[in-house]
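Here is the structure we will look at, set down as structure tokens.
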Amino acid sequence: MASQTRMPEPICLIKNEEGKGLVVQPEALLLLSGITQPMVVVAITGPYRSGKSYLLNRLAGQRRGFALGSSVRAQTKGIWMWCMPHPCKPGHTLVLLDTEGLGDTEKGDTKNDTWIFVLAVLLSSTLIYNSKGTIDQQALDNLHYVLKLTEYVQVKTAPEEAEDEQPGLDRRAPFFPNFVWAVRDFTLQLEVDGKEISEDEYLENALKLKDGSSQEAQNYNRLRECIHQLFPERKCFVFDQPARRRDLPHLEELPDVVLDPEFQQQVERFCSYIRQNCLPKTIPGGHKITGSRLGTLVVSYVKAIQSGAVPCLENAVLALAEIENSEAVKEAVALYRGQMEQGLPTETTQELLELHARCEEEAMRLFMARAFAESRERFQAELTVQLEAIKDHFWIQNERTSHKTCMAALQELFQDLDRQINDGVYFVSGGYQLFQSDQQALVERYRALPGKGVKADAALQDFLQKREPMARTILKVDRELTEKEEQIKNLKAEYERAEQEREAERKREAEREAENLKKLLKKVLRDGKPRRRKQRKEKESTNNQQSKDQNEKSTSGSEKNNPGDQQNSNPGGNSWIELLNKMFEILSKWLFPWPK
Numbered sequence: 055m056a057s058q059t060r061m062p063e064p065i066c067l068i069k070n071e072e073g074k075g076l077v078v079q080p081e082a083l084l085l086l087s088g089i090t091q092p093m094v095v096v097a098i099t100g101p102y103r104s105g106k107s108y109l110l111n112r113l114a115g116q117r118r119g120f121a122l123g124s125s126v127r128a129q130t131k132g133i134w135m136w137c138m139p140h141p142c143k144p145g146h147t148l149v150l151l152d153t154e155g156l157g158d159t160e161k162g163d164t165k166n167d168t169w170i171f172v173l174a175v176l177l178s179s180t181l182i183y184n185s186k187g188t189i190d191q192q193a194l195d196n197l198h199y200v201l202k203l204t205e206y207v208q209v210k211t212a213p214e215e216a217e218d219e220q221p222g223l224d225r226r227a228p229f230f231p232n233f234v235w236a237v238r239d240f241t242l243q244l245e246v247d248g249k250e251i252s253e254d255e256y257l258e259n260a261l262k263l264k265d266g267s268s269q270e271a272q273n274y275n276r277l278r279e280c281i282h283q284l285f286p287e288r289k290c291f292v293f294d295q296p297a298r299r300r301d302l303p304h305l306e307e308l309p310d311v312v313l314d315p316e317f318q319q320q321v322e323r324f325c326s327y328i329r330q331n332c333l334p335k336t337i338p339g340g341h342k343i344t345g346s347r348l349g350t351l352v353v354s355y356v357k358a359i360q361s362g363a364v365p366c367l368e369n370a371v372l373a374l375a376e377i378e379n380s381e382a383v384k385e386a387v388a389l390y391r392g393q394m395e396q397g398l399p400t401e402t403t404q405e406l407l408e409l410h411a412r413c414e415e416e417a418m419r420l421f422m423a424r425a426f427a428e429s430r431e432r433f434q435a436e437l438t439v440q441l442e443a444i445k446d447h448f449w450i451q452n453e454r455t456s457h458k459t460c461m462a463a464l465q466e467l468f469q470d471l472d473r474q475i476n477d478g479v480y481f482v483s484g485g486y487q488l489f490q491s492d493q494q495a496l497v498e499r500y501r502a503l504p505g506k507g508v509k510a511d512a513a514l515q516d517f518l519q520k521r522e523p524m525a526r527t528i529l530k531v532d533r534e535l536t537e538k539e540e541q542i543k544n545l546k547a548e549y550e551r552a553e554q555e556r557e558a559e560r561k562r563e564a565e566r567e568a569e570n571l572k573k574l575l576k577k578v579l580r581d582g583k584p585r586r587r588k589q590r591k592e593k594e595s596t597n598n599q600q601s602k603d604q605n606e607k608s609t610s611g612s613e614k615n616n617p618g619d620q621q622n623s624n625p626g627g628n629s630w631i632e633l634l635n636k637m638f639e640i641l642s643k644w645l646f647p648w649p650k
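Residue numbers (our numbering): 55 to 650.
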């Protein structure tokens, strides 16, 4: 059950089955296993038909709960349990244990009563002994079960005297509860020698020891000494009769106005004390009992009883320590694992070792706080082994996580580069150098990323190695294209050299032609001067002659003179024409240098 959930009604914890004896009920253990809070365990025991169940119902704040019988037959069989949130202690659970009445003549088995009493003592943090009348010798004789505690409860498997044992205290006392004696239907006056005394003083007077060493004194003191030694913390409450005798069979149904006012006040004081002063159940070492721990104690004690042995407090604590220390190891391992997972991945191996050291320290601190001293060293060694194994696992996981993180980062960074590869950006001359430059820039961006872990370099190496075939392909294409371009460049250079040579040859040819033209021009100029003088004289002579014969020979003279004129007026014409043609040819070569 949840720690803050009230059980609607009591359930049987230990059933007293005929022919089987005491049997732990699994349903009750299941409910207890869900209670993680410290438990204040209040058990009530005493003679049958003494009103034990009524007091527990009032402690629970209910009129009904534990069964009340209206006859002389005992109603409660075995041990019944009722768990509820503690009304005065937040974070605690109040557990009420109602036990089978002692001294039932129909059972005829006093040993069964003894075991019921022993279990009530061993399981509770406060034991209420409920009786009627007064605390006299008869009442004390009825509490003879206390004497059986030394016989029916063993402290150690091999008893030995404890060096630090307190004088006057039994070694069982640290395991035993506080003792409250509830005296029902009390009719006496609380006074001694005419002086009013308290309820506690009344109890202590009844437990006073007799002086002397006689057999009578020893018999008288024996039970009282046991109570002193086993229950050093004692309290007493007395109760008047709650109502008229005829109403007692229906006590749980009676309204408060019918109940005796003094009784109501006494019940209120009793309940207030139990709720406010009763401490959580603990065992030596200061460990508080939770639901699961209480269940473990129940099983351990009943198992010992069923086997014919006696409950051994040391064995019970050891059994509980085995379970609790094992759980402490599990909790410490879970804490270590959780903190390690939060710190991964680490950037370096040193950081991983430092993280392990911190988490291991926290896990050990948790273990030591929860673990029982019994067998603690063995479980601590086991915890160390487990943490080392888990550390090795995290070492591998750290590398895997780091590698996975790095690969994801690289894939994301190289997306654009891969897109450019698919688009053929790098499949050009000089593309490999561009590819290398872009890839190196991405590598630098990757190295600047935080949180890569211990496999940052190894992951990068693996990633680039897988991309090496593509890089080689880009390099191959680059080389082939570069070679082609070089060939084209060489051919172009050869062509340009040939053109330059042709151009030079044209220039040389033009220069030669110009030189020839120059020579020809000089020659023409040199030969043309005497010829022109001769022509002028001949022309003048001809013109004179023509003037004389003009009238006579106008028609025929013109026909005869024209050819003569033509011959005599152009004595050097062919040389000039030749010169002009040559000049035109040279100018054509200069203006139009292309080959014909």
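Even glycine gets a Cβ: it sits at the ideal position worked out from N, Cα and C.
Sub-8 angstroms separation of residue i and residue j beta-carbons
{"i": "Leu261", "j": "Val200", "result": "no"}
{"i": "Phe426", "j": "Asn379", "result": "yes"}
{"i": "Cys325", "j": "Asn232", "result": "no"}
{"i": "Leu441", "j": "Ala417", "result": "yes"}
{"i": "Val207", "j": "Val172", "result": "yes"}
{"i": "His651", "j": "Val209", "result": "Any question about residue 651 goes unanswered here, given that the chain covers just 55 to 650."}
{"i": "Pro338", "j": "Phe230", "result": "no"}
{"i": "Phe433", "j": "Val383", "result": "yes"}
{"i": "Asp294", "j": "Glu316", "result": "yes"}
{"i": "Leu503", "j": "Ala462", "result": "no"}
{"i": "Ser87", "j": "Gly349", "result": "yes"}
{"i": "Leu263", "j": "Asn273", "result": "no"}
{"i": "Thr153", "j": "Ala174", "result": "yes"}
{"i": "Ala513", "j": "His457", "result": "yes"}
{"i": "Leu372", "j": "Glu453", "result": "no"}
{"i": "Cys142", "j": "Arg298", "result": "no"}
{"i": "Ile377", "j": "Trp169", "result": "no"}
C-alpha gap between residue i and residue j, whole angstroms
{"i": "Gly73", "j": "Asn166", "result": "12 angstroms"}
{"i": "Ile567", "j": "Leu575", "result": "This sequence places Glu at residue 567; Ile is not what is there. About 12 angstroms."}
{"i": "Leu176", "j": "Gly115", "result": "25 angstroms"}
{"i": "Thr459", "j": "Thr90", "result": "41 angstroms"}
{"i": "Asn259", "j": "Phe285", "result": "16 angstroms"}
{"i": "Met138", "j": "Glu401", "result": "51 angstroms"}
{"i": "Glu253", "j": "Gln320", "result": "11 angstroms"}
{"i": "Leu374", "j": "Arg103", "result": "35 angstroms"}
{"i": "Ala128", "j": "Ala97", "result": "Residue placement at Ala128 is poorly supported in this model, since its pLDDT is 48, which falls under 50; the coordinates are not used for a value here."}
{"i": "Thr344", "j": "Ser268", "result": "47 angstroms"}
{"i": "Ala564", "j": "Val578", "result": "20 angstroms"}
{"i": "Asp301", "j": "Leu156", "result": "24 angstroms"}
{"i": "Val353", "j": "Lys509", "result": "53 angstroms"}
{"i": "Met415", "j": "Arg424", "result": "A small correction: the amino acid at residue 415 is Glu; Met does not occupy that position in the sequence shown. Answer to the nearest angstrom: the Cα atoms are 14 angstroms apart."}
{"i": "Glu306", "j": "Tyr108", "result": "7 angstroms"}
{"i": "Leu471", "j": "Gln493", "result": "7 angstroms"}
{"i": "Tyr390", "j": "Leu420", "result": "10 angstroms"}
{"i": "Asn196", "j": "Pro101", "result": "8 angstroms"}
{"i": "Leu313", "j": "Gly119", "result": "19 angstroms"}
{"i": "Val78", "j": "Pro62", "result": "20 angstroms"}
{"i": "Glu217", "j": "Gly340", "result": "The predicted position of Glu217 is uncertain, since its pLDDT is 43 and thus under 50; a value taken from the coordinates is nonetheless stated next. So the two alpha carbons sit approximately 20 angstroms from each other."}
{"i": "Pro303", "j": "Pro296", "result": "11 angstroms"}
Option in the options with minimal Cα separation from residue i
{"i": "Leu242", "options": "Phe324, Tyr274, Asp190 and Leu197", "result": "Asp190"}
{"i": "Ile133", "options": "Ser185, Lys69, Asp158 and Ala297", "result": "Lys69"}
{"i": "Ile251", "options": "Glu557, Glu559 and Val292", "result": "Val292"}
{"i": "Ile65", "options": "Leu150, Ser268, Ala512 and Val95", "result": "Leu150"}
{"i": "His198", "options": "Ala227, Thr164 and Arg225", "result": "Thr164"}
{"i": "Lys342", "options": "His146, Lys289 and Ser429", "result": "His146"}
{"i": "Gly484", "options": "Cys280, Glu594, Ala271 and Glu534", "result": "Glu534"}
{"i": "Lys506", "options": "Gly397, Met524, Arg112 and Ala552", "result": "Gly397"}
{"i": "Leu571", "options": "Asn635, Pro523, Glu553 and Thr596", "result": "Asn635"}
{"i": "Gln465", "options": "Met135, Leu496, Gln490 and Gln487", "result": "Leu496"}
{"i": "Ala82", "options": "Lys131, Trp136 and Arg117", "result": "Trp136"}
{"i": "Arg501", "options": "Phe489, Leu488, Gln515 and Gln490", "result": "Gln515"}
Inter-residue CB distance, residue i and residue j (contact presumed, cutoff 8 angstroms)
{"i": "Thr180", "j": "Val237", "result": "With a Cβ gap of about 16 angstroms, Thr180 and Val237 do not count as contacting."}
{"i": "Ile528", "j": "Phe468", "result": "Actually they do not touch by this definition, with Cβ atoms about 14 angstroms apart."}
{"i": "Val387", "j": "Ile450", "result": "At roughly 17 angstroms, the Cβ-Cβ gap does not stay under 8 angstroms, so Val387 and Ile450 are not in contact."}
{"i": "Gln393", "j": "Cys366", "result": "About 39 angstroms separates the two Cβ atoms, so there is no contact after all."}
{"i": "Ala227", "j": "Gln283", "result": "7 angstroms"}
{"i": "Thr336", "j": "Pro399", "result": "No, Thr336 and Pro399 are not in contact; Cβ-Cβ is about 44 angstroms, not under 8 angstroms."}
4 or more residues per run - each alpha helix (DSSP H) lying fully within the stretch 456-522: 469-476, 485-502 and 510-520
Output the residue ranges of the alpha helix (DSSP H) runs that lie fully inside the stretch 344-400 and measure 4 residues or longer, sorted by chain position. 345-360 and 367-397
Within the stretch 285-327, ranges of the beta strand (DSSP E) (whole runs, at least 3 residues): 288-292
Kindly provide the ranges of any alpha helix (DSSP H) runs that are 4 or more residues long and lie completely inside the stretch 409-449, ordered along the chain. none
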